[in-house]
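Residue numbers (our numbering): 761 to 905.
Pasting the structure below:
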């Protein structure tokens, strides 16, 4: 368990089962809860995990691994939850590491000033996906068989 260490333990970034989250939080397996909005399946389920963490007195520092929409969703989430941790996992891996990110937005929604992430107050998620990026994208449909 986390209390056996002298450093904070974060966890849960790939967990999608709310029962697993409840057990992890109840047993204090982590010091900082780290849900990922996309792994959890959306903002509503992530907010449920955040409420569990808040009830247990644990801070939340969500997982977000790239400059796609996951980071944007996470920034908005941090504005909305009580008990948000003081950190944002902000990827340093730009388009060289994730080439699909190149040209994703008309204007980048991401800015860090004096060590703080600036969260847009523009309508909606605050971004416009670049039409040329969408035109280059591959569209696939999966179906259950």
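For each residue, glycine too, the CB sits at the ideal point set by N, CA and C.
*Tell me residue 823's beta-bridge partners as DSSP assigns them.*
The partner list for residue 823 (beta bridge, DSSP) is empty, contrary to what the question assumes.
*asked:* Going by DSSP, what residue range makes up the alpha helix (DSSP H) through residue 892?
replied: 891-896
*Could you spell out the range, first to last residue, of the alpha helix (DSSP H) harbouring residue 835?*
829-840
*In chain order, what residues of the same chain lie with their CB nearer than 8 Å to the CB of residue 813, ignoring the 5 residues before and after it?*
So the list reads 785, 793, 819, 820, 843, once near-sequence residues are dropped.
*Could you tell me the distance, in whole angstroms, from the CA atom of residue 806 to the CA atom of residue 800?*
6 Å
*Is it the case that the Cβ atoms of residue 861 and residue 828 are separated by a distance below 8 Å?*
yes
*Straight-line CA distance for residue 841 to residue 835?*
11 Å
_Less than 8 Å between the C-beta atoms of residue 773 and residue 791, yes or no?_
For residue 773 and residue 791, no; Cβs fall outside 8 Å.
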